[in-house]
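Please read the structure below before turning to the comments.
There are 2 protein chains.
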Amino acid sequence: MPIVTAPASVETITRLRLVVMRLSRLLRQQSADELSPTLTSTLSTVERRGPLTLGELAAAERVQPPSMTRAVARLEERGLVTRVPDPVDRRTARVSISAAGSKTLTAARRRKNAYLAERLTTLTAEERASLERALPLLERLVGDQL
Amino acid sequence: MPIVTAPASVETITRLRLVVMRLSRLLRQQSADELSPTLTSTLSTVERRGPLTLGELAAAERVQPPSMTRAVARLEERGLVTRVPDPVDRRTARVSISAAGSKTLTAARRRKNAYLAERLTTLTAEERASLERALPLLERLVGDQL
DNA sequence: TATTGTTATACTCTATAACTATA
DNA sequence: TATAGTTATAGAGTATAACAATA
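Protein sequences appear in the order of chains A and B. What the first sequence shows, in the numbering used here, is residues 254 to 399, in sequence order. What the second sequence shows, in the numbering used here, is residues 254 to 399, in sequence order.
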């Protein structure tokens with residue numbers, strides 16, 4: 254471990270930005286037919302963190318409330334989430350995943366993962382381990398709390 | 254190098270997908286006022302790989318030709334790239350970065366990097382090193398050829 | 001008044017399909 | 001005919017501003 258904590262280099266940062274944008278584009282294209290990355294991410298958060306208000310969801314997904322209104326409306330149309338009005342504060346409702354939502358998410362995950370998994374086979378086991386070690390760091394970068 | 258190459262776990266792949274989408278969203282938001290991630294990425298490719306035809310650019314950025322037509326048109330409007338018609342094949346032209354384009358890219362890089370760099374300060378030097386090791390692997394995942 | 005969420009509107013990015021110009 | 005690129009069109013995702021309902 255180095256003693257001096259040099260800041261990340263300009264080149265590293267630039268490459269990180271570019272590779273993230275390109276990878277996200279690839280993932281978005283790949284999922285054209287199914288649940289979009291945006292809806293998948295939202296549905297995953299609903300599944301993982303239980304019933305949430307729209308505002309909490311927007312904060313978790315780091316989008317503005319109108320964007321989340323739209324995303325939840327789509328998920329609801331497709332029967333993947335339900336909204337239960339808060340009995341105390343009638344301005345809000347809790348969004349929960351439905352049985353169909355869980356099922357859809359599982360199936361979507363399988364297909365989406367298959368695509369990435371196929372690309373990951375080009376890496377050695379050691380390289381994949383290296384990638385796994387970097388994963389929590391990326392998550393901290395986006396402020397992901399498990 | 255290990256003998257057995259265990260496949261990446263479902264959980265790892267899922268997390269990789271989600272974190273990439275969230276990070277890309279964060280980066281896109283952050284650059285609302287300046288050069289968008291799409292234009293930045295395109296301009297970076299033009300800078301790095303020299304004069305390219307529109308088709309070559311589309312392939313490099315992994316978008317369809319109409320998307321690239323649009324991106325290049327925007328960059329051209331803003332004087333960041335130039336198109337030089339191919340003297341032999343008059344259907345095509347070579348796209349090059351302009352002096353203004355280089356200048357803009359450098360400035361954009363500085364601002365965009367500042368944002369990511371700030372977030373990277375929450376990592377230890379060792380963690381940043383870990384992230385740097387993973388970077389080329391992510392690049393291979395998207396098929397980035399330097 | 002303040003907060004939560006929605007509606008209205010606009011813009012970027014991307015795609016597919018159909019077309020034009022050139023080879 | 002085949003290829004390179006463009007135009008037409010559509011849809012997702014996101015934002016800001018203005019609004020409505022409730023606290």
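Every residue gets a Cβ at the ideal spot worked out from N, C-alpha and C, and that includes glycine. No experiment lies behind these values; they were computed from the predicted model shown.
With contact counted as at least three CB pairs below 8 Å, one residue from each stretch, are the segment 296–306 of chain B and the segment 373–382 of chain B in contact? no
Would you tell me roughly how many angstroms separate the C-alpha atoms of L307 of chain A and L333 of chain A, rounded to the nearest one? Within the first sequence, numbered from 1, the residue matching residue 307 of chain A stands at position 54. Within the first sequence, numbered from 1, the residue matching residue 333 of chain A stands at position 80. Each residue's alpha carbon lies about 15 Å from the other.
In three-state DSSP terms, what is S277 of chain A? By 1-based counting over the first sequence, the position of residue 277 of chain A is 24. Here DSSP, grouped into helix, strand and coil, assigns S277 of chain A to helix.
Cross-chain neighbours of R275 of chain A in chain B, by beta carbon under 8 Å: If you number the first sequence from 1, residue 275 of chain A lands on position 22. Near R275 of chain A (Cβ distances below 8 Å), the residues of chain B are S294, E314, R315, V395 and D397.
Could you list the residues in the segment 378–390 of chain B with a C-beta less than 7 Å from some C-beta on chain A, going in chain order? Hits within the stretch, in order: A378, E379, E380, R381, S383, L384, E385, R386, A387, L388 and L390.
Is there contact here, the segment 380–390 of chain A with the segment 379–391 of chain B, by at least three beta-carbon pairs under 8 Å? Remark: three or more beta-carbon pairs, one from each stretch, lie closer than 8 Å, so the segment 380–390 of chain A and the segment 379–391 of chain B are flagged as touching.
Residues in its own chain within less than 8 Å of V257 of chain B by CB, not counting five upstream and five downstream? For the purposes of this step, residue 257 of chain B is taken as the residue at position 4 of the second sequence. Per-residue confidence for V257 of chain B stands at a pLDDT of 49, beneath the threshold of 50, marking its modelled position as unreliable; no derived number is given.
Going by other Cβ atoms of all chains shown within 10 Å of its Cβ, with 16 needed for buried, is E314 of chain A buried or exposed? Locating residue 314 of chain A in the first sequence gives position 61, counting from the first residue. The residue is buried, with at least 16 neighbouring Cβ atoms inside 10 Å.
Take V316 of chain A and list the residues in its own chain whose beta-carbon comes closer than 8 Å to its own, dropping the five residues that flank it on each side. Position 63 of the first sequence, counting from 1, holds the residue named residue 316 of chain A. For V316 of chain A, where only same-chain residues beyond five positions count, the Cβ hits under 8 Å are A324.
Determine whether the beta carbon atoms of L280 of chain B and T357 of chain B lie at a separation below 9 Å. Taking the second sequence and counting its residues from 1, one reaches residue 280 of chain B at position 27. Taking the second sequence and counting its residues from 1, one reaches residue 357 of chain B at position 104. Not closer than 9 Å, so no.
What is the rounded straight-line gap between the Cα of L271 of chain B and the Cα of P290 of chain A? The residue labelled residue 271 of chain B in the question sits at position 18 within the second sequence. The residue labelled residue 290 of chain A in the question sits at position 37 within the first sequence. Roughly 8 Å between the two C-alpha positions.
So V325 of chain A is in the alpha helix (DSSP H); what residue range does that whole segment cover? In the first sequence, the residue the question calls residue 325 of chain A occupies position 72. That run of the alpha helix (DSSP H) goes P318 to E330.
Looking only at C-alpha atoms, which of A:A360, A:S277 and A:L310 sits nearest to A326 of chain A? Along the first sequence, read from residue 1 onward, the residue named residue 326 of chain A stands at position 73. Nearest C-alpha to A326 of chain A: A:L310.
Can L296 of chain A and G354 of chain A be called in contact, C-beta distance under 9 Å? Counted from its first residue, the first sequence places residue 296 of chain A at position 43. Counted from its first residue, the first sequence places residue 354 of chain A at position 101. Yes.
Status (buried if at least 16 other CB within 10 Å, exposed otherwise) for R275 of chain B: Here the question's residue 275 of chain B lines up with position 22 in the second sequence. That one is buried.
Give me the Cβ distance between L292 of chain B and L328 of chain B, rounded to the nearest whole Å; I'm assuming they're in contact under 8 Å. As a first step, residue 292 of chain B must be located in the second sequence, where it is residue number 39. As a first step, residue 328 of chain B must be located in the second sequence, where it is residue number 75. 6 Å between Cβ atoms; contact.
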